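Student: Read in order, the letters of the sequence shown correspond to residues 0 to 367 in numbering that gives the first Met the number 0.
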Amino acid sequence: MFKKYRVLKWILICVLSFIVLVVSFGFWFMSLLPPKNTALETSQLKDLPYLSEAIVPYRGKILAVVTSTAAMGNSGKNTGYELTELARAYYVFTANGFEVDVASPLGGKPPVVIDDDDMGAFDFAFLNDSIAQYKTNHTIPMSDVVAEDYEAVFFAGGKGAMFDFPDNKDIQRLVRQLYQANKVVGAVCHGPAALVNVKLDNGRSLIANKKVSGFTNEEELLLIKEARSIFPFLLQDKMLAQGAQFNEGAMYLEKVSHDANLITGQNPWSTWRLAETMIQQLGYTPKYRAITAEENAAKVLSVYASHGKARAKELISTLTNKEQQGVDRVLLAQHSILAVMKGEVGNFFKLIGLVSYAKKQAARAAKI
0 MFKKYRVLKW ILICVLSFIV LVVSFGFWFM SLLPPKNTAL ETSQLKDLPY LSEAIVPYRG
60 KILAVVTSTA AMGNSGKNTG YELTELARAY YVFTANGFEV DVASPLGGKP PVVIDDDDMG
120 AFDFAFLNDS IAQYKTNHTI PMSDVVAEDY EAVFFAGGKG AMFDFPDNKD IQRLVRQLYQ
180 ANKVVGAVCH GPAALVNVKL DNGRSLIANK KVSGFTNEEE LLLIKEARSI FPFLLQDKML
240 AQGAQFNEGA MYLEKVSHDA NLITGQNPWS TWRLAETMIQ QLGYTPKYRA ITAEENAAKV
300 LSVYASHGKA RAKELISTLT NKEQQGVDRV LLAQHSILAV MKGEVGNFFK LIGLVSYAKK
360 QAARAAKI
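(1) Going by beta carbon distance, what residues of the same chain come within less than 7 Å of LYS60, once the five residues before and after it are set aside?
(2) In chain order, what residues of the same chain have a beta carbon less than 7 Å from the beta carbon of PHE347, not counting five sequence neighbours either side?
(3) What's the C-alpha gap between ALA131 and LEU222?
(4) Based on the DSSP secondary-structure assignment, which residues constitute the bridge partners of LEU318?
(5) Measure the CB-CB distance between GLY157 and GLU81 and report whether it falls below 9 Å.
(6) According to DSSP, simplified to helix, strand and coil, what is THR93?
(7) Assuming the contact rule is C-beta atoms closer than 8 Å, PHE153 and ALA88 should be a hit. Round their C-beta distance to whole Å, please.
(8) Tell me, please, which residues DSSP counts as bridged to ASN77.
(9) Taking the straight line between their C-alpha atoms, what separation do you get for GLN176 and ALA146?
(10) In chain order, which alpha helix (DSSP H) runs of at least 4 residues are fully inside the stretch 144 to 226?
(11) Please go through the same chain and pick out, in chain order, the residues whose beta-carbon is closer than 7 Å to the beta-carbon of VAL218, but skip the five residues on each side of it.
(12) Check PRO267 in the structure and name its three-state DSSP category.
(13) Tell me whether ALA361 sits in a helix, a strand or coil according to DSSP, three-state version.
(14) Which class does PHE245 belong to by DSSP, given the choice of helix, strand or coil?
(15) Here's the rule: buried if 16 or more other CB atoms are within 10 angstroms of the residue's CB, otherwise exposed. What is ASN208?
(16) So the candidates are GLU225, LYS237, LYS210; which of them puts its Cα closest to the Cα of ASN196?
(17) Let me check understanding here. Comparing Cα to Cα, which of ALA309, GLY119, VAL111, SER103 lies closest to ILE290?
(18) Taking 8 Å as the cut-off, is the CB of THR319 close to at least one heavy atom of the ligand ATP?
(19) Using only the alpha-carbon positions, how far apart do PRO48 and LYS168 sit?
(20) Using a 10 Å radius around the Cβ and a threshold of 16 neighbouring Cβ atoms, would you call VAL326 buried or exposed?
Below you can see the structure in the form of structure tokens.
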């Protein structure tokens, strides 16, 4: 009996030690991340030089289209358009001289997804911009859109787009007319769902033999295991079935495909470059924009994936100075968690090492 209690005692000690270890690691992990910058929540257009200085003359109008769908089928999961994807593209377009209208399949006020971890100065400025908020609260019904009024169309992502973009005849009409008029068609993340059923006047699929990007099967299924049963299709599968040349990049990192006047992006982190590529395709040099800390973190992750930890640390050192915006440690940490979800324990610890190194470099730069 005494031996039995001794075994139970050691089991209890081991369990408690494990809990203490996990909790301690959790506190240490959180200490690597910067404190929440609540000052960003009050960001205004006047605070952002990209928008408030060196104003570009008027060049025409671009239409941004967002989903009207609030739920993912019968799954009970909420959805809507991704605010960061709309806000960042909206401001690239306006900074480069274009007036932006916002439309949705049903018109009115569409549902929106706001991810606190991804929100930056431009995203909060969008929430505090009375003009932008009026447009998103009173979106134009797609049935009222006149294609001739616009130089380009941009389809923002959000999982709801998988449900109400593909079969919308007004979306198909708009895309066909703009594309065939050699105007620019752009879409990011789940936004390319707007393109999958578009037929040109010659009867061919718009995306047949086109190099395109969109939210990948791997990205979808990692976060939503039951995605095949929730969505009417997986975007990558559908685009391939329509004869597209699907251009897949690293998970949750920037990837943009540019095929003449058709420009598509893989995920939310592709939005900045996609919007600026649209400006280039419209015939203009994009206005200078300071690269964000999130974009810098994406560069670090790309270098890490292709060249290893040492080169990634070198890049962190280069990007952490007064001339740069630094490196977003939250995005690095998110990718370490993704590594765990994928069963890549070694990558988890290496990425945590990068987060720790980025914190040290930021502290060093603050002292200079």
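Yeah, the Cβ is synthetic: ideal placement off N, Cα and C, and Gly gets one too. Being a predicted model, the structure only gives us computed values, none of them experimental.
Tutor: The answer reads as follows:
(1) PHE97, GLU98, ASP100, ASP148, TYR149, GLU150
(2) SER335, ALA338, VAL339
(3) 30 Å
(4) Partner(s): none; LEU318 has no beta bridge.
(5) yes
(6) helix
(7) 5 Å
(8) ALA70
(9) 7 Å
(10) 160 to 163, 168 to 179, 216 to 222
(11) In the sequence under discussion, the amino acid at residue 218 is Glu, which differs from the Val named in the question. Answer for GLU218: MET250, TYR251, ASN266, listed in chain order.
(12) helix
(13) helix
(14) strand
(15) exposed
(16) LYS237
(17) GLY119
(18) Among the components modelled here there is no ligand, and therefore nothing to report on the ligand ATP.
(19) 40 Å
(20) buried
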